[in-house]
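First residue of the sequence shown? That's 2 in our numbering, and the numbers climb one at a time after it.
As structure tokens, the structure follows; a few thoughts come after it.
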Amino acid sequence: MMRYAKIILKEGKEEAVLRFHPWVFSGAIKRIEGEPKEGDIVYVYSAKGNFCGIGHYQIGTIAVRIFAFEEENINAEYWHEKLKNAFMVRKAIGLADKENNNTYRLVHGEGDALPGLVIDVYGKTAVLQAHSVGMHEIRETLAKELMKVMDGRIENVYYKSEATLPFKANCGAVDGYLIGEDDKTYEAMENGLRFHADWIRGQKTGFFVDQRENRSLLEQYSKGKDVLNMFCYTGGFSFYAMRGGAKSVCSVDSSAKAIELTKANVEMNFPGDSRHSALATDAFKYLDDMKKDEYDLIILDPPAFAKHRDVLRNALQGYKKLNAKAFEKIRKGGILFTFSCSQAVNKEQFRLAVFSAAAMSGRNVRILHQLTQPADHPVNIYHPEGEYLKGLVLYVE
Ligand code: SAH
């Protein structure tokens, strides 16, 4: 224990940690005993010298990400147990060994008491993503223990952290396989629908795993509808709408690569189906240019408009503008699926932005569903910041 540096908190600053909040902000630190490097394990103590937790140290606003609130030996077995616990949760949810679904999030950072770590499973491949230097440094151990926990369910572990680590130059993250190597088909399945999750070149870990349940709900609303899937990325909502019996589906994304992926994924599930069209263009421009009453089902799933609190106002304006355009153009009796994945925007703020947009259009709008992230993206009850995905399903009279 002596070899670990000690982080001593200012008087009173231990309160959040005693309530199991996993973040220690740099401003809460009174002094550091020892010389921890970024990514090192550190012990956190109150000003009075009481033990508070063990975490990974990093230079930045969040100075320590706590993973243990009790004194424990932090070794390979420790990480094995944590990964096993996360896997048990996915078993409890019913996602671990499903017949028609091999895509799910196995580790969701703070939500699984593993701050700084994300693991998504796509069939035989797990994609491991570090958001902290500490998790980066133990990636080999995590990959090895993950293989044991998964007990033959996966064959490959791909590491993808170049874009998510703060000081790439310092910790030298290089993306690549830690174990095995996939045959490069990247084929995966969600609720019986097939798709390519290109974890090497794609955004995030290759696919937006967090919209699975919301896509299923959309499927139920799609029969006979003309559907516009705005910000489609790999086309998840589009192929669900098609299975749901949509009359037509138009997928829009500003990225030509995304449109290519969407077309390929739709083709994989519905070869030669002429109901689908796709267009690479800006969402705001598309909504401005399109005629009124073209669509009766519109999905708005934009990228996070606010990555930080200081751009919150602009982000809320962005949501308002975007939704106002949809309210203005959607057919009478239309359904709008609208989302925000900005962590900095809370449920009430998002709702208010959408309310203002509805008011601008002057139409009668009912909330049918309030959506969030699925169970494999759990929220740690002591870390409300982990609730990031918000969605509303609205009936527009
Ligand atoms: N709905 C998707 C995820 C959306 S991610 C799914 O279910 O998988 C956000 C997408 O918005 C990205 O693919 C990005 O390329 C696209 N995007 C960002 N800005 C845009 C803009 N101004 N117009 C259209 N698409 C945009």
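C-beta: ideal position from N, C-alpha, C; glycine also.
The model shown is predicted, which means the values in this text are computed figures rather than measured ones.
Check	Outcome
Any non-hydrogen atom of ligand 1 within 6 angstroms of A259 CB	yes
Rounded straight-line distance, which links the Cα of K11 to that of A29	6 angstroms
Closer than 5 angstroms: residues whose CB approaches a heavy atom of ligand 1	F209, Q212, F232, Y234, G237, D254, S255, S256, A259, D283, A284, D302, P304
Those residues which DSSP pairs with Y44 across a bridge	K7, I55
Residues of its chain near G54, where Cβ-Cβ distance is below 7 angstroms and the 5 sequence neighbours each way are ignored	V18, V45, I67, A69, F70
N- and C-terminal bounds of the alpha helix (DSSP H) containing Y134	According to the sequence shown, residue 134 is Val rather than Tyr. First-last of the alpha helix (DSSP H) with V134: 134-138.
Endpoints, beta strand (DSSP E) assigned at H81	From DSSP, H81 is part of no beta strand (DSSP E) but of the alpha helix (DSSP H) over 77-94.
Cβ-heavy atom distance, A131 to ligand 3, below 6 angstroms	Ligands in the displayed structure: ligand 1; ligand 3 is not one of them.
8 angstroms contact criterion, which N266 and F196 should meet: CB distance rounded	4 angstroms
Cβ contact (3+ pairs, closer than 8 angstroms) linking the region 319-335 and the region 345-363	yes
Selected residue, minimal CA-CA separation from F351, among N315, A281, E36	N315
Per DSSP, cross-strand counterpart(s) of V228	V250, L298
Closest Cα partner of H277 within the set K31, D283, T263	T263
Extent of the continuous beta strand (DSSP E) to which M190 belongs	188-191
From F306, S341, M231, P272, residue whose alpha carbon lies closest to that of Y287	M231
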